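Chemist: Sharing a structure here in structure tokens format.
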Amino acid sequence: MKEEHLDKVVVDVVLARLERPDFLAMLGQADDSVDAEREALIKEIADHQAWLNEVQFEAERRRDLRWLDRQEEIVLPKMKAAQDRLDALVGVDPVIVELVRSGRVREIWSEHEAAGDFAWRRKVLRALVVPKINRVKPGEIGSRGINRDRVDFLWR
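Note that the numbering used here has the sequence shown beginning at 112, numbered continuously upward.
As structure tokens, this is what we get:
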């Protein structure tokens, strides 16, 4: 398999995985206590966000945005603390967390690619996956092009 073909397959699969909305929630250890804590933190963050949405609606109705400011001063630090605890459970490189949180995974990847930042891209890939190239099937020997079936992914 040509190196360029392997690179394309691996990058496409990794970026697709990073773009999944549940990517950060899937990471981390797979034991019940961590899963329960992760779910509790996700619920806590969602509850705080729902509260702020209600406060914003009420503040607009009252025409008193100071009330919203006061509530945000109280709730936003709690949300950040919960998010930080959730990130700690994930146990993945902060570069990955920052990339996923940006919501611009492919755009940021392209920026680093255009800048020739090979080290950053390698760091992202190595933190997430080890690609395994399988042998060519007898009937496919000599065929050209990208063969995605030859690559298995061992996720970290």
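The beta carbon of each residue, even a glycine, is placed where N, CA and C say it ideally should be. Bear in mind the structure is a predicted one, so any value in this text is a computation, not a measurement.
Is it the case that the segment 122–138 contacts the segment 161–172, given that we only count it when at least three CB pairs across the two stretches are under 8 Å?
Modeler: Too few Cβ pairs lie closer than 8 Å, so no.
Chemist: Just tell me which of Leu187, Ser221, Lys243, Val208 has its CA closest to the CA of Arg131.
Modeler: Considering only alpha carbons, the answer is Val208.
Chemist: Can you tell me whether Lys191 is helix, strand or coil according to DSSP?
Modeler: Lys191 falls in the helix class under three-state DSSP.
Chemist: Using the Cβ count rule (16 or more neighbours within 10 Å means buried), how would you classify Leu210?
Modeler: Burial call: buried.
Chemist: Rounded to a whole number of angstroms, what is the C-alpha to C-alpha distance between Lys113 and Arg237?
Modeler: Computed Cα separation, rounded: 19 Å.
Chemist: So, is Glu149 buried or exposed, given that buried needs 16 or more other C-beta atoms within 10 angstroms?
Modeler: Before going further, note that residue 149 is Arg rather than Glu in the sequence given. Answer is buried; the Cβ neighbour count reaches 16.
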